[in-house]
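Notes to accompany the following structure.
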Amino acid sequence: MNFQATAYFATSGQRLFIQSCYATVTPNHHSHPRFTVIDNFGCMVDSKSDGCQSRFIPHERKDVLRFTIDAFVFQKKLSKEHMETELYMHCTMVVAKAEVTPGTKACTYNREAGRWEELYGNHEVCKCCDSVCVGGSHAGPRSLVTSDVLTLDLRGDEGGRLTTTAPLTIPGGEEWGHLESKQEPGVWEDVGLQNDAGENPWSMDEERPGLIVEEEFNQIKDDNIAF
1 MNFQATAYFA
11 TSGQRLFIQS
21 CYATVTPNHH
31 SHPRFTVIDN
41 FGCMVDSKSD
51 GCQSRFIPHE
61 RKDVLRFTID
71 AFVFQKKLSK
81 EHMETELYMH
91 CTMVVAKAEV
101 TPGTKACTYN
111 REAGRWEELY
121 GNHEVCKCCD
131 SVCVGGSHAG
141 PRSLVTSDVL
151 TLDLRGDEGG
161 RLTTTAPLTI
171 PGGEEWGHLE
181 SKQEPGVWED
191 VGLQNDAGEN
201 PWSMDEERPG
211 LIVEEEFNQI
221 KDDNIAF
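FYI, full-length UniProt numbering numbers position 204 of the sequence shown as 204, with every residue one higher than the one before it.
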């Protein structure tokens, strides 16, 4: 399951970070149970599990952040009667200086090397992923962004399918774009926050459905994975 987040208002020298990300079975981000994917200011927590392929994926633009989640992450936590269910992904995002810190980073655990590694280098900032990371003061306003409904089907031999064709909307009915599943591996939809005025419309804990983009594919090519 691939996700892409985009921030169109990031300026030169800035980078988009995801500080936390979790899934729930309702659109309410306060609801339980919840399945944590990213935590501790940018640590891909499930990447440390044996056989898990969850990881951040590099992109040529720093205002775009891609990551992939192993469907097995949810399969382990959902009961058999919930093998087909609806999920909502909630992510806290921030645009900050491109220089990484323990509070602004994108870290995946490299099991072969036995260490946490930052997506674009400076792996030292990831050492706190096994303890408690402290946020930096240079980060801008945070935003809690909620995806539209994602239908998860863990039945069959494919190990998990996540699809949706619902339009992306914000309160008031304004449409941001469309989010739909793709069959072709390696193809990414890019739907983000559009602001012609160049202003930052995010505010703390404001739910904005649709900034997270998801698509379905069979596997990630090795040359798209950086360790």
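The C-beta atom is built at its ideal place from N, Cα and C for all residues, glycine as well.
The beta carbon of His123 sits closer than 7 Å to those of Arg115, Trp116, Glu117, all from its chain and outside the five residues before and after it, given in chain order. If you draw a straight line from the Cα of Arg111 to the Cα of Cys133, it is about 20 Å long. Taking all protein chains shown into account, Ala106 has 16 or more neighbouring C-beta atoms within 10 Å of its C-beta and is therefore buried. If you compare the alpha carbons of Leu152, Thr151, Ser143 with that of His29, the shortest gap goes to Ser143. In the displayed model, His59 falls within coil according to three-state DSSP, outside both helix and strand. Scanning its chain for C-beta atoms nearer than 6 Å, with the 5 sequence neighbours on each side dropped, one finds around His59 the residues Arg66, in chain order. A straight line joining the alpha-carbon of Asp50 with that of Asp70 spans about 12 Å.
When secondary structure is reduced to three states using DSSP, His90 falls in the strand class. In the structure shown, the three-state DSSP call for Lys48 is helix.
At least 8 Å separates the beta-carbon of Leu16 from that of Ala23. Collapsing the DSSP output to three states places Glu124 in a helix.
In the same chain as Ser20, and ignoring 5 residues on each side of it, the C-beta atoms closer than 6 Å to its own belong to Ile38, Asp39, Thr92, in chain order. Judged by DSSP in its simplified three-state form, Asp70 adopts coil rather than helix or strand.
Take Phe41, set aside five residues on each side of it, and the residues of its chain with a beta-carbon closer than 6 Å to its own are Gln19, Gly103, Cys133, Gly135, in chain order.
Less than 8 Å divides the Cβ of Pro27 from the Cβ of Tyr88. Shown here, Asp130 sits in a helix according to DSSP, grouped into three states. A direct Cα-to-Cα measurement between Ser12 and Asp46 gives close to 31 Å.
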